[in-house]
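Reading through the structure tokens given below for one structure.
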Amino acid sequence: MSEALRLQDLVVSYPGRDRAAIRAVDGVSLAIGAGETLGLVGESGCGKSSLANAVVGLVKASAGSIRVRGEEIVGADRARLRAMRAQVQMVFQDPATSLNPRMRVGAAIGEPLLVRKLARGAELRARVLTLLDEVGLRRDQADLLPHQLSGGQRQRVVIARSLALRPALLVCDEPVSALDVSVRAQILNLLVELQAQLGMASLFVSHDLAVVRHVCDRVAVMYLGQIVETAPAANLYAAPRHPYTRALLSAVPEPDPVLQRSRGYVPLSGEIPSPAHPPSGCRFHTRCPQAMALCKTTPPTLRRIGETEVACHLVEG
Amino acid sequence: MSQVLAVENLSLSIAGARVVDDVSFAVAKGEVLALVGESGCGKSLTAAAIMRLLPAAVRQTAGRVTLEGQVISALPEREMRALRGRRLAMIFQEPQAALDPLATVGRQIAETLRQPWPAARPAVLKMLEEVGISDPERRASEYPFELSGGMCQRIMIASALIARPALLLADEPTTALDVTIQAQILALLRRLAAERGTAVVLITHDMGVVADIADRVAVMYAGRIAETGTTAEVFARPRHPYTKLLLASIPRLADVPKSRLAVIQGLVPTPSQFGPGCRFAGRCPMAEARCSAAAPGLARIGAEHASACWRAEDMV
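Line by line, the protein sequences are chains S and B.
Heads up, the first sequence is in our numbering, so the first residue is 1 and it goes up one at a time.
Heads up, the second sequence is in our numbering, so the first residue is 318 and it goes up one at a time.
See the structure below:
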């Protein structure tokens, strides 16, 4: 079984003030198996979108390795990169800004096939109609313009376009955050169906833990540029090991007043530090309710316990 | 319980279409009422109408708003202006956009008190401490760009509450914030409403936020209240098909992974598609002929529970 994606010590940095680079992604290693959906969760500034953008090639990796189906894309030449990009497609948060307002739905969905000269004419048309079926749009909607569709329908168009090349890996960055609750459910159901039908791997970036739980096989939690915990979804939600994962889970308000009010939850104190000046030692120590002296000085490394990997001094491997 | 706010039969129109239709609710001292619904349901326009800050294109065609026994919906603008910030205040979704970028935090909070900064200073510092800002002296001299989103929302809450208004309107106050920061802000709002007896109208699309903080909830759909009641009652026994489906369509932490979520078929009707009947009828799995013929009024089905559905009795 070939891996869809493997990241090794990935660093993505941006130039900051006073020449000090901001390391938005700071030494991340992770893998996504064939057909697997990995959820990447964390709060603003944790680097989850920078990581996703590096995987699809929208930003350059500063160091480390990104392998898609075993092939290295960091430092690859243009021709190789172009070939690799067909393997990795992306769905963004806001479908309204992901589509050309003057391009009809059918043309938008067929565009990847056309530019790569994989289909044209009647064959292209047939492929587009199949893609419309797959994402639950009507065939006659191929002739509409994006403004004639609702937000949920537009996101279906974006998903259809991303599936046109049958990528090895689909990267979804907050794909349902801009959608209303009732529409969000439709798109989540669609993504789950497509995973099963097409067997493709995906990287699902989201701040919403309930959504991630719903669609992902495994979950990685990021804090200030680093992974603090990775585990199969069931384990992560049932028995979170890292204090940050626990805090994040308990901060999600449950849509059930009896449950929500019986949790006796104490909010995490303090603010998320700036990624430009991450704290010393364990980056979470400034907000961690269980921080010890060691945490302020020594960064913990990821340790494997069963199927879970966790970076915390409290957890002994 | 003494009533702070009463909204009666409020109707708002845009170009002849009733985007808010016959909405009534009341909020008591220290109580948190959530107005919940999806985009375009009229929840934010309802708040703007209470503040009398409606966009020019929106006309109020009917309705009366009473604040602490005084009808404010017909006050001249000059008198209304004197009330804003003092007896009713509002906070918004994007705290950074709602603060003045050119005024220090301390000065803009002092502005609510209509006092010069030196005179207001002790009260402002005390208020900053109450909203959980550490080192208030230093923060008071900073500008909004120097603060995080969560801190800016605390500043907004401080400037909204410093004049001890009877009513706080909070329009999606935590939507732009991260979950751990959202949890802090919700806890703060809950504590301040209880301590100061402020009545709060919380506008949100997030049923989790409603479950966390609201005493009562009004679920809005396409400009009308579909269902209202105590939060516990509405979540445990929804008596409007829209509420029931909405609750079932939310992914929860306890769900079986990859299970199918309930889906509400179709789309919210646009104002030009509003017919004479129930506005949810076109998407409702329980709809009958009478549903598209005539609109059901909000009818009481329990001590504090009301539903605008012809078939509310059929829902168990």
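A virtual CB, placed ideally from N, CA and C, is assigned to each residue, including glycine.
query                                                                                                                                                                                    : result
Establish whether the CB of R577(B) and some CB of chain S are separated by less than 7 Å.                                                                                               : yes
Considering only the beta carbon of each residue, do I426(B) and A475(B) sit closer than 7 Å?                                                                                            : yes
Please tell me whether Q93(S) has its Cβ less than 7 Å away from any Cβ of chain B.                                                                                                      : no
Measuring CB to CB, does T363(B) end up less than 7 Å from V340(B)?                                                                                                                      : yes
Quick one: is N100(S) buried, meaning 16 or more other Cβ sit within 10 Å of its Cβ, or exposed?                                                                                         : exposed
Need the endpoints of the alpha helix (DSSP H) that I472(B) sits in, please.                                                                                                             : G466 to L478
Among D572(B), S356(B) and S361(B), whose alpha-carbon lies nearest the alpha-carbon of L519(B)?                                                                                         : S361(B)
Can you list, in chain order, the residues of its chain with a C-beta nearer than 6 Å to that of A379(B)? Leave out the 5 residues immediately preceding and following it.               : N326 and S328
Could you tell me which whole alpha helix (DSSP H) segments of length 4 or greater appear in the stretch 111 to 180 of chain S?                                                          : 121 to 134 and 151 to 163
Does E36(S) come within less than 7 Å of chain B when only Cβ atoms are used?                                                                                                            : no
Within a Cβ cutoff of 6 Å, which residues of the same chain sit near G110(S), ignoring the five residues on either side of it in sequence?                                               : L124 and V128
Within the same chain, show all residues whose beta-carbon is closer than 6 Å to that of G423(B), passing over the 5 residues directly before and after it, in chain order.              : V441 and A457
Out of R120(S), Q155(S) and A79(S), which has the shortest C-alpha to C-alpha gap to M320(S)?                                                                                            : The displayed coordinates of chain S run from 1 to 317. Any statement about residue 320(S) would go beyond what the structure contains.
Going by beta-carbon coordinates alone, are E43(S) and Q93(S) separated by less than 7 Å?                                                                                                : no
Select from R261(S), L190(S), I227(S) and P95(S) the residue whose C-alpha is nearest the C-alpha of Q148(S).                                                                            : P95(S)
According to the Cβ coordinates, are G466(B) and L494(B) closer than 7 Å?                                                                                                                : yes
Which residues does DSSP list as the beta-bridge partners of L405(B)?                                                                                                                    : R401(B) and L484(B)
Please work out which residues of its chain come closer than 8 Å, Cβ to Cβ, to P568(B), disregarding the five sequence neighbours upstream and downstream, and give them in chain order. : L578
Compare the C-beta of N235(S) with all C-beta atoms of chain B and state if any pair is closer than 7 Å.                                                                                 : no
For R120(S), count the other beta carbons within 10 Å of its own beta carbon; 16 or more makes it buried, fewer makes it exposed. Which is it?                                           : exposed
Measuring CB to CB, does S595(B) end up less than 7 Å from P613(B)?                                                                                                                      : Inspection of the sequence shows that residue 595(B) is occupied by Cys rather than by Ser. For C595(B) and P613(B), yes; Cβs fall inside 7 Å.
In chain order, what residues of the same chain have a beta carbon less than 8 Å from the beta carbon of E446(B), not counting five sequence neighbours either side?                     : P453
Can you tell which of V315(S), P299(S), P112(S) and A168(S) has its C-alpha closest to the C-alpha of V27(S)?                                                                            : In the sequence as presented, Val is not what sits at residue 27(S); that position holds Gly. Closest option to G27(S), Cα to Cα, is P299(S).
Just how far apart, CA to CA, sit E193(S) and A571(B)?                                                                                                                                   : 20 Å
Going by C-alpha to C-alpha distance, which of M292(S), L145(S), V212(S) and S2(S) sits closest to R184(S)?                                                                              : V212(S)
Within 10 angstroms of the Cβ of I542(B), are there 16 or more other Cβ atoms? Answer buried if so, exposed if not.                                                                      : buried
List, in chain order, every chain B residue whose beta-carbon is nearer than 8 Å to that of V215(S).                                                                                     : P574 and K575
With a floor of 3 residues, list each beta strand (DSSP E) that falls wholly inside the stretch 203 to 232 of chain S, ordered by position along the chain.                              : 218 to 223 and 226 to 232
Exposed or buried, which one is L248(S) when buried takes at least 16 other CB atoms within 10 Å?                                                                                        : buried
Within 7 Å (strictly less), CB to CB, does M632(B) reach chain S?                                                                                                                        : no
If you measure from the beta carbon of V526(B) to each beta carbon in chain S, is any gap under 7 Å?                                                                                     : yes
Starting from F342(B), trace the beta strand (DSSP E) in both directions and tell me its first and last residue.                                                                         : A334 to A345
From the DSSP secondary-structure annotation, give me the bridge partner or partners of E71(S).                                                                                          : V68(S)
Give me the Cα-Cα distance between G583(B) and G151(S), rounded to the nearest whole angstrom.                                                                                           : 12 Å
Can you give the Cα-Cα distance for G306(S) and A528(B), rounded to whole angstroms?                                                                                                     : 36 Å
By the three-class DSSP mapping on this structure, what secondary structure does L190(S) have?                                                                                           : helix
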